[in-house]
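Peer 1: Residue numbers (full-length UniProt numbering): 1 to 233. Quick reminder that beta carbons are idealized off the backbone N, C-alpha and C, glycines included. Bear in mind that the values here come from a model prediction, so they are computed numbers and not experimental data. Have a look at this one.
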């Protein structure tokens, strides 16, 4: 469990129960005290038990509940915003409800959670890492709402970096291309295609990139890291 007296960094990961989040938690567990956030449930509880991590149940569509949830946390050195959602659809077809929910979860929730945790992050001279997407760099047909939320997340990261430099808080963004996760399986179903995980980046590879960013020495920050699929034999 996390401790106010531990010398290890305390890292909070959202969307920790599966995919990139759980791989990152396992990667960091030997050297970080972990706060693993999710909507609750057996998967999050099991992961916290496995890694001796602190669970943090958050409904990311209810930012009004964040302050009470994070108030008991003694220390937070790093925050990795990994949670997200995607609903594909043409601009001519997607309703305001899809747009509102996508932006709320992918952009507004990270902004509010970061705001609330900034005093702790400043005290630790910590890092904020945003797990973005290739869609945060280029928007394709059918991806407008998701890409808009990720373009906005990139703007949030850039502004936050400029604002928090004086406080010693470093800010980075990682842009993975398609990754073999449950979200990607959902995307392929929405696209009407087959899901072949061997064609995509392993979640552990993205987790390794985030861990590398967090391990940067204090005089350096990795601001933007793009992770693309390599070639397999």
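(1) Using a Cβ-Cβ cut-off of 8 Å (strictly less than) and excluding sequence neighbours within five positions of residue 31, which residues of its own chain qualify?
(2) Drop a sphere of 10 angstroms on the beta-carbon of residue 234, count the other beta-carbons inside from all chains shown, and report buried for 16 or more, exposed for fewer.
(3) What is the C-beta distance between residue 321 and residue 117, in whole angstroms, given that I count them as a contact (C-beta under 8 Å)?
(4) From 27, 227, 78, 17, pick the residue whose C-alpha is nearest to that of residue 41; which is it?
(5) Shortest alpha-carbon distance to residue 119 belongs to which of 35, 57, 77?
(6) For residue 125, I'd like the list of residues in its chain whose CB is within less than 6 Å of its CB, leaving aside the five on either flank, ordered along the chain.
(7) My assumption, with CB atoms under 8 Å, is that residue 136 sits in contact with residue 154. Please give the rounded CB distance.
(8) Threshold first: 4 residues or longer. Then list the alpha helix (DSSP H) segments lying entirely within the segment 14 to 89, N to C.
(9) In whole angstroms, what is the alpha-carbon distance linking residue 6 and residue 27?
(10) Compare the beta carbon distance of residue 79 and residue 12 with 9 Å and say whether it is the shorter of the two.
Peer 2: Looking at the coordinates:
(1) 8, 9
(2) Look at the range of the chain in this structure, 1 to 233, and you will see that residue 234 is not part of it.
(3) With the chain running from 1 to 233 in the structure shown, residue 321 is simply not present.
(4) 17
(5) 77
(6) 168
(7) 5 Å
(8) 19 to 28, 42 to 51, 66 to 70
(9) 19 Å
(10) yes
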